[in-house]
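Everything on this sheet refers to the single structure shown next.
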Amino acid sequence: MSSSDPEDYMSDIFLAETPKPKKATLTYSERRRLKLSSNRGSIKPLREREKESREQGLSQRIDTEENASPGLMLLRRMGYKEGMALGRSAGGRIDPVPVEIRQGRSGLGLGTEIRERESEEVERAVKKARIEDEEYRSRIREGRLEKRAFAQLESAKRICEDLDVKIGVEKNPLWWTPETDPADDQSTLAESDEDGNEKGRESDKHDDVADGNLSPEDTRIQLGVILDYLREKHHYCFYCGSVYKDADELERECPGETEEDHD
């Protein structure tokens, strides 16, 4: 290349003369920091490493030949074999008692006490719900039985009146509920004209009877009296729904005096 030619800045001369940067020398602390940062993702936390080590140790059996000890040898001389449970009846534990690591700071036994308390509360709640359900079902069942008994009473009174009228009976107190005897109604109405309050009380009482608001015990007693009368006077069984020729036929053909006898 002559001195008059222009210089080529892309030639090897200029590229070779370009100084290369020197490598930075890292200190020990910097190298250690880089190494820790690169290994940070692969190093497990201390708690996890302790857990793995503990589980590994607990998973190793101590009743093997490799882990033989004087105590194990003594047990073998007494008849113990690998996998057997301890105890005369061989009903003991086979697996070791698990180790429970406490995570909180509560005192010993507090966790068990809390679990027992919660279990008792759940048990009480379930028992209360069961009792309430049984009481509700019992009330519904008793209400149905009371309504059925009152309906049977009204039917028995009508049958009693029909059979009595056929044989010439003009009046029988069994035809009415005791509080609604027609004669008593007339006297009650006469007295109530003089006392307005008395009239109101008597009216309420008769309304209750008309609505069937007798006590269950009174209803059952009155029904039993009418049914006995029908059997003795008319040889009629309310549950059979039949009039028999005489007492002998009633005794022979009817299964019994109660509703359960006819089931």
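Residue numbers (our numbering): 3 to 265. Heads up, the beta-carbon is just placed ideally off N, CA and C, and yes, glycines get one too. Bear in mind the structure is a predicted one, so any value in this text is a computation, not a measurement.
Any idea if Leu296 is buried or exposed, counting beta-carbon neighbours within 10 angstroms, 16 or more meaning buried? Because the chain spans 3 through 265 in this model, residue 296 falls outside it and cannot be assessed.
Arg139 (DSSP reduced to helix, strand or coil): Here residue 139 refers to the residue found at position 137 of the sequence shown. In the three-state reduction of the DSSP assignment, Arg139 falls in the helix class.
Per DSSP, Cys239 is paired with what? Taking the first residue of the sequence shown as 1, we reach residue 239 at position 237. Ser244, per the DSSP bridge assignment.
Does the separation of the CB atoms of Ala151 and Pro218 fall below 8 Å? Residue mapping note: residue 151 aligns to position 149 of the sequence shown, counting from 1. Residue mapping note: residue 218 aligns to position 216 of the sequence shown, counting from 1. Contact flag set, yes.
Just to confirm my understanding: we take Arg35, look at its own chain, exclude 5 residues before and 5 after, and list those with CB closer than 6 Å. What are they? As a working mapping, residue 35 is identified with position 33 in the sequence shown. The answer is none, since no qualifying residue turns up.
Given a threshold of 16 other Cβ atoms within 10 Å of its Cβ, counted over all protein chains shown, does Leu225 qualify as buried or as exposed? Locating residue 225 in the sequence shown gives position 223, where the first residue counts as 1. Leu225 comes out buried.
Taking only three categories from DSSP, how would you classify Asp265? For the purposes of this step, residue 265 is taken as residue 263 along the sequence shown, with counting starting at 1. If DSSP states are grouped into helix, strand and coil, Asp265 belongs with coil.
Quick check on Asp166: buried or exposed, where buried means 16 or more other Cβ atoms within 10 Å of its Cβ? As a working mapping, residue 166 is identified with position 164 in the sequence shown. Buried, by the Cβ-count rule.
Apply the 10 Å Cβ neighbour rule to Thr114 and answer buried if 16 or more other Cβ atoms are within range, or exposed otherwise. Along the sequence shown, one-based indexing puts residue 114 at 112. That one is exposed.
Rounded Cβ spacing between His237 and Tyr231 (contact assumed at less than 8 Å): On the sequence shown, residue 237 is found 235 positions in, with the first residue counted as 1. On the sequence shown, residue 231 is found 229 positions in, with the first residue counted as 1. At roughly 11 Å, the Cβ-Cβ gap does not stay under 8 Å, so His237 and Tyr231 are not in contact.
Output the distance between the C-alpha atoms of Ile142 and Ile116, rounded to the nearest integer angstrom. If you number the sequence shown from 1, residue 142 lands on position 140. If you number the sequence shown from 1, residue 116 lands on position 114. C-alpha separation (whole angstroms): 39 Å.
Using a Cβ-Cβ cutoff of less than 7 Å, which residues in the same chain neighbour Asp206 once the five nearest sequence positions on both sides are dropped? Locating residue 206 in the sequence shown gives position 204, where the first residue counts as 1. Any answer about Asp206 is weak, because its pLDDT of 45 lies below 50 and its placement is not dependable; what the coordinates show is given next. Nothing meets the Cβ criterion.
Own chain partners of Glu148 with C-beta closer than 6 Å, once the 5 adjacent residues on each side are dropped: Against the sequence shown, residue 148 aligns to sequence position 146. Correct list, in chain order: Pro218.
Buried or exposed: which applies to Thr221, given that a residue is buried once 16 or more other Cβ atoms fall within 10 Å of its Cβ? Along the sequence shown, one-based indexing puts residue 221 at 219. Buried, since its Cβ has 16 or more Cβ neighbours within 10 Å.
Taking the alpha-carbon positions, what's the Ser39 to Glu32 distance? Reading the sequence shown from its first residue, position 37 is the one you call residue 39. Reading the sequence shown from its first residue, position 30 is the one you call residue 32. Cα to Cα, Ser39 sits roughly 11 Å from Glu32.
Taking 8 Å as the cut-off, decide whether the C-beta atoms of Leu176 and Ile223 are in contact. Counted from its first residue, the sequence shown places residue 176 at position 174. Counted from its first residue, the sequence shown places residue 223 at position 221. Taking 8 Å as the Cβ cut-off, Leu176 and Ile223 do not qualify as a contacting pair.
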